[in-house]
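Here this note's numbering is used: the first residue of the sequence shown is 1, the next is one more, and so on.
The structure under discussion appears below in the form of structure tokens.
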Amino acid sequence: SLSNIKLAFFPPNTTSRCQPMDQGVIRAFKCYYRQKLVKHIIAQCSAARNADQVAITVLDAINWIDSL
Numbered sequence: 001s002l003s004n005i006k007l008a009f010f011p012p013n014t015t016s017r018c019q020p021m022d023q024g025v026i027r028a029f030k031c032y033y034r035q036k037l038v039k040h041i042i043a044q045c046s047a048a049r050n051a052d053q054v055a056i057t058v059l060d061a062i063n064w065i066d067s068l
């Protein structure tokens, strides 16, 4: 009920059309992040007995992002 704010929602997958320069940055970020994620999962698989024991914490994600 705020009178100074108007919300507008974009359709899905329009970021690359509205801001084409972001497409390369987002792709590179996802690539590096997924690489860190896979390395972490592989490292934990040797100690884990089942898939439920492989844990990824928010701190892990923050550290991966910080290392980029």
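Beta carbons are placed, not taken as given, at the ideal position from N, Cα and C, and that holds for glycine.
- [ ] Return helix, strand or coil for P20, following the three-state DSSP convention.
- [x] For this step, residue 20 is matched to residue 20 along the sequence shown. It is helical.
- [ ] Ignore the nearest five residues each way along the sequence and tell me which others in I41's own chain have a CB closer than 7 Å to its CB.
- [x] Here residue 41 corresponds to residue number 41 of the sequence shown, with the count starting at 1. Apart from sequence neighbours up to five positions away, the residues of its chain that approach I41 with a beta-carbon distance below 7 Å are V54, ordered along the chain.
Open item on the list: Using the three-state DSSP reduction, which class does L37 fall into: helix, strand or coil?
Closed with: By 1-based counting over the sequence shown, the position of residue 37 is 37. It is helical.
Open item on the list: Less than 8 Å between the beta carbons of W64 and K30, yes or no?
Closed with: Here residue 64 is taken as the residue at index 64 of the sequence shown, counted from 1. Here residue 30 is taken as the residue at index 30 of the sequence shown, counted from 1. 8 Å or more divides the Cβ of W64 from the Cβ of K30.
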